[in-house]
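Okay, so here's the structure we're looking at.
Residue numbers (the working numbering): 752 to 871.
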């Protein structure tokens, strides 16, 4: 697994208007093919104190795939089999379990320079 940290990055504009920052980009070969994982922190999705539901955050993930992920992959010459975008209400190490954390995930396959949603 290869990691690219993005700590301290500026918030990314998303349709819901919530503050979203890129936490890290991981290239993961564990699924048997390369997956690019883009991990974002989105404090407003927190269960207890947040104001953004999954329904409001889902278009944010689609938007992030189109406007941030596709250019990133092109710039770095990467062609992963899948892209996974995750939103977490706090910074968590990859694979860590925290029952208090709220996390949303979406997977995409790339086709014709577009993000095609893949149901988990």
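Using N, Cα and C, we set each Cβ at its ideal position, and we do this for glycine too.
Owing to the predicted nature of the structure, the values given are computational and were not obtained by experimental measurement.
Beta-carbon spacing of residue 774, residue 763 below 8 Å: No, these two residues do not count as a Cβ contact at 8 Å.
C-alpha distance - residue 865 paired with residue 838, whole-angstrom precision: The C-alpha of residue 865 lies about 20 Å from the C-alpha of residue 838.
Own chain partners of residue 760 with C-beta closer than 6 Å, once the 5 adjacent residues on each side are dropped: Around residue 760: 772 and 773.
DSSP beta-bridge partners of residue 860: In DSSP, residue 860 forms a bridge with 867.
Separation of residue 766 from residue 811, as counted between CA atoms: Cα-Cα distance, rounded: 6 Å.
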